[in-house]
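Counting in the UniProt record's numbering, the sequence shown runs from 1 upward without gaps.
C-beta atoms are modelled at their ideal positions from N, C-alpha and C, and glycine is treated no differently.
This report refers to the structure that appears directly beneath it.
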Amino acid sequence: MPLKRKAQKASIDISNIVKRDFSYLARNPDSDNRPLWIDPDKGYIILERFHPLADLATDFLVTIAEPQSRPAFLHEYKITPHSLYAAVSVGLNGEDIINTLDKFLKTELPQTIRDFIRSCTKSYGKVKLVLKDNKYFVESGDADVLQTLLKDNIIGPLRVNGSGEDITTTRAPALGVFVIPGTKNAAGVQQADLPQTADKESDQIEAVLDDYDNDDEKEAVHAFKIPDSAVETVQKRCLDLSYPILEEYDFRYDNVNPDLDIDLRPNTQIRPYQEKSLSKMFGNGRAKSGTIVLPCGAGKTLVGITAACTIRKGVIVLCTSSVSAVQWRNEFLKWSNINPEDITTFTSDSKEKFSGSTGVIVTTYSMVTNSRERAHDSKKMMEFLAGREWGLMLLDEVHVVPANMFRRVISSIKTRSKLGLTATLLREDEKIDHLNFLIGPKLYEANWMELSQQGHIAKVQCAEVWCSMPTVFYEQYLQVSSRMKRTLAAINPSKFQACQFLINYHEARGDKIIVFSDELYSLKLYAYKLKRYLIYGGTSQEERLRVLDHFRHNPEVNTLFLSKVGDTSLDLPEATCLIQISSQFGSRRQEAQRLGRILRAKRRNDEGFSAFFYSLVSKDTSEMHFASKRQAFLIDQGYAFKVITKLDGIESMPDLAFSTAVEQRELLQGTLADNETAIDDEFAADDLWGGEKSGGKGKKNTVRRVAGYLDQLSGVQDMAYIERNTSANKALKRKKGEKSEFFKKMDRENKRRKNT
1 MPLKRKAQKA
11 SIDISNIVKR
21 DFSYLARNPD
31 SDNRPLWIDP
41 DKGYIILERF
51 HPLADLATDF
61 LVTIAEPQSR
71 PAFLHEYKIT
81 PHSLYAAVSV
91 GLNGEDIINT
101 LDKFLKTELP
111 QTIRDFIRSC
121 TKSYGKVKLV
131 LKDNKYFVES
141 GDADVLQTLL
151 KDNIIGPLRV
161 NGSGEDITTT
171 RAPALGVFVI
181 PGTKNAAGVQ
191 QADLPQTADK
201 ESDQIEAVLD
211 DYDNDDEKEA
221 VHAFKIPDSA
231 VETVQKRCLD
241 LSYPILEEYD
251 FRYDNVNPDL
261 DIDLRPNTQI
271 RPYQEKSLSK
281 MFGNGRAKSG
291 TIVLPCGAGK
301 TLVGITAACT
311 IRKGVIVLCT
321 SSVSAVQWRN
331 EFLKWSNINP
341 EDITTFTSDS
351 KEKFSGSTGV
361 IVTTYSMVTN
371 SRERAHDSKK
381 MMEFLAGREW
391 GLMLLDEVHV
401 VPANMFRRVI
411 SSIKTRSKLG
421 LTATLLREDE
431 KIDHLNFLIG
441 PKLYEANWME
451 LSQQGHIAKV
461 QCAEVWCSMP
471 TVFYEQYLQV
481 SSRMKRTLAA
491 INPSKFQACQ
501 FLINYHEARG
511 DKIIVFSDEL
521 YSLKLYAYKL
531 KRYLIYGGTS
541 QEERLRVLDH
551 FRHNPEVNTL
561 FLSKVGDTSL
571 DLPEATCLIQ
581 ISSQFGSRRQ
591 EAQRLGRILR
601 AKRRNDEGFS
611 AFFYSLVSKD
621 TSEMHFASKR
631 QAFLIDQGYA
641 FKVITKLDGI
651 ESMPDLAFST
661 AVEQRELLQG
671 TLADNETAID
681 DEFAADDLWG
691 GEKSGGKGKK
701 NTVRRVAGYL
711 DQLSGVQDMA
721 YIERNTSANK
731 ALKRKKGEKS
741 EFFKKMDREN
751 KRRKNT
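Listed below in structure tokens is the structure:
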């Protein structure tokens, strides 16, 4: 090969290994003293976590960029329009961001990134969505911006009563000083407020004088009204026009909605990262709508309760299941001093209103979005929810909101501010970006590894256990439908034995174990065979609470089998070990949610303690492919998965299930004998997806076509004929049997004739 072609080939090979070459970027003279690198094309920022300035840089990056990957030594962030919108919402401007990046970057900040930051930050905050007297208004301090929106062919026709010339103008209220309950400053401010409350008349006079003095300094606000049904359309269109809508609630000057008597209990003090997340929401003294992302077990519920105690107006809480609704109510009573009569639940079992003029209602997404004919009590309750203004809407597990059926929640219930809470801002259908206009920008996202090192969540050892599949199972696996493939991979005898071994091992250590399976058929098989409790979509509410109570407090109940209804909003701090035998394809969110069931372990601060997360995978099946995709999010958070190919001591374990070929054949034949209706998902019975009550008419058994061979009808397809010993075969020749009397008589006659 000519030398020139060799050089070209070498350069191509190198470019395939090193995708991007940034050597052309000029490095600063003191680059070693700076912790950040930047990709000028895609806006990725690399942080050297081992750098002395890493903590300062991290606080800044969390504010302006989206965390992509945060292992031990190098963190990756990405600057996006929505991350910059969130930065502006907490008080930063474009030049602040550019100047700070210049201080931290090892290279010069590329001009493309400067232009991108300026273009994204110049328009954010100019348009706001405000709820007044149960009606929605689009507001701006710049009348020209509103005229631009009204000239748009989508927003213009949605305006209520009037032409584009008719815009109302008011004065914005002045800002004051306030603190978030549960912080160190809260007690001091409360003490300082005591003398002022004793002289209300003096305060009122002073406030009037202040308003008069500052009247000329206040910003003029222009607005036009839109119908309730057009809110989502206007929000999305404004985002497309580069005027993202900011939702702010000046709750301290809201004299229309009654105040709620609620505050955190005196002995409640929130953690530093919780305070930081809330400071992003209340940074300028007003409540901004948006999303807070905290790991499972890091206190998302307390963050929501603290936000409610800060706003002190009517609150509606939306949960994924009736069990979590009960848990939310109990947490409100535990952490705050709210009157029990002022907080109620709206579920299939409870439809009570609060006694006072305002209060807290905890309900589920499915109760609010139900489109079927409602009972009288449910209908009255929905009219009550939709007919009033709420100060705060708390959306637990907010990642479910972009689904079409849940988007109706946003438009049917009118609220001044919205706070979404989740551990995993992920959706496999790429609709997670819709939260930016349905709820608001991401306000804060915590670092899982950092919270683990600080003892706020448990340290976890993650392992992927490879389970080989017996030949008889694998032959069937290759022939059956994709739906049955999932079932056979879940009931793999080797996987069952691994699960049995791990349960026995961890129960002997004193651990509390949760076993997850998305396959309802395999879930019941495992639970019944191992004689353990289980909860799935068809389990009644009363039985769920009873089983959970046993798991928490009964030392004899150490293992609980759960279907996907336990993925979210389940508070089990006693659990220290999790085993996953079946999952929802390649869902990264589900993997993280299930890991979260053991992050809040009570024993997390014990010396040398670690929780355990096992994912059992059938070898040479589609589970192997999906397992690697599911782990991507957790690996980005800094977790490492150890692969286990053999469990030491499993062969010598007594009473090992399905240890013989006969038992394995019986298991396979029993599974194949059940039609696919009996092995169907619990999809319709799930609280979140199918309503509050499980049940309904079951499907009739139907004929099922299965690919196979005729010799399989004999039932001996896994057997073989072997000729072991020729002489033994000759010895086994059948001897002549005894003749009948008729033939004996014929023989005697023939013999007599011969003799004569």
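Which residue's Cα is closest to the Cα of residue 344: 316, 320, 448? 316
Under the rule that 16 or more other beta-carbon atoms within 10 Å means buried, what is residue 744, buried or exposed? It counts as exposed.
Select from 580, 57, 434, 347 the residue whose C-alpha is nearest the C-alpha of residue 370. 347
Whole-number beta carbon distance between residue 102 and residue 256, since they are thought to touch under 8 Å: The Cβ separation is near 46 Å, so there is no contact.
Span of the alpha helix (DSSP H), counted from its first residue to its last, around residue 379: 376–386
Looking at the structure shown, is residue 75 part of a helix, part of a strand, or coil, going by DSSP? Secondary structure of residue 75 (DSSP, three-state): strand.
Can you say whether residue 649 is buried or exposed, counting buried as having 16 or more other CB atoms within 10 angstroms of its CB? exposed
Count the other C-beta atoms from every protein chain shown that fall within 10 angstroms of the C-beta of residue 730, then say buried if there are 16 or more, exposed otherwise. Bear in mind that a pLDDT of 45 at residue 730, under 50, signals an unreliable position, so the model cannot answer this.
Name the DSSP bridge partner or partners of residue 783? The chain is shown only over 1 to 756; residue 783 falls outside these bounds and no answer can be derived.
Closest to residue 762 by C-alpha separation, out of 501, 673, 647, 527, would be which residue? Lying outside 1 to 756, the shown extent of the chain, residue 762 is not represented and no answer is given.
Where does residue 24 land, buried or exposed, given buried means 16+ other C-beta within 10 angstroms? Per the 10 Å Cβ criterion, exposed.
Rounded to whole angstroms, what's the CA-CA distance from residue 224 to residue 231? Just pull it up for me. 13 Å
With DSSP collapsed to three states, give me the class of residue 592. helix
Using a Cβ-Cβ cut-off of 6 Å (strictly less than) and excluding sequence neighbours within five positions of residue 273, which residues of its own chain qualify? 446
Quick one: give me the first and last residue of the beta strand (DSSP E) that residue 576 is part of. No beta strand (DSSP E) holds residue 576; DSSP gives it neither H nor E.
Is the Cβ-Cβ distance between residue 235 and residue 245 less than 7 Å? yes
The stretch 446–462 / the stretch 426–433 touching (three or more Cβ pairs under 8 Å): no
Can you find the residues in the same chain that come closer than 7 Å, C-beta to C-beta, to residue 557, ignoring five residues on each side of it along the sequence? Around residue 557: 533, 550, 551.
Who are the near neighbours of residue 645 in its chain, counting only those whose CB is closer than 7 Å to its CB and skipping five residues on each side? 466
For residue 436, is the beta carbon positioned less than 6 Å from some heavy atom of the ligand ZN? Annotation note on the ligand ZN: not contained in the displayed structure, which lists no ligands.
In or out: residue 449 buried (at least 16 other Cβ within 10 Å) or exposed? buried
Nearest CA to the CA of residue 295: which residue from 416, 662, 599, 612? Answer by Cα proximity: 599.
Exposure of residue 664, with buried meaning 16 or more beta-carbon neighbours within 10 Å: buried
Are residue 489 and residue 621 close, meaning C-beta to C-beta below 7 Å? yes
Tell me which same chain residues have a C-beta within less than 7 Å of the C-beta of residue 592, skipping the five on either side of it? 423, 424, 633, 634
Less than 7 Å separating the beta-carbons of residue 140 and residue 127? yes
Quick one, which of 580, 754, 392 has its alpha-carbon nearest residue 828's? The displayed coordinates of the chain run from 1 to 756. Any statement about residue 828 would go beyond what the structure contains.
Please report how far the alpha carbon of residue 94 lies from the alpha carbon of residue 88, in whole angstroms. 8 Å
According to DSSP, is residue 222 helix, strand or coil? Residue 222: strand per DSSP, three-state reduction.
Just reading off the alpha helix (DSSP H) that residue 479 is part of, what are its end residues? Secondary structure note for residue 479: it is in no alpha helix (DSSP H), with a DSSP letter that is neither H nor E.
With H, G and I counted as helix, E and B as strand and the rest as coil, what does DSSP make of residue 44? strand
Hey, residue 400 and residue 420: beta-carbon distance below 7 Å or not? no
Sub-7 Å separation of residue 577 and residue 535 beta-carbons: No, Cβ-Cβ distance for residue 577 and residue 535 is not below 7 Å.
What is the rounded straight-line gap between the Cα of residue 34 and the Cα of residue 439? 36 Å
Could you tell me the boundaries of the alpha helix (DSSP H) in which residue 396 lies? Element bounds for residue 396: not the alpha helix (DSSP H) but the beta strand (DSSP E), 392–396.
For residue 336, list the residues DSSP reports as bridge partners. 264
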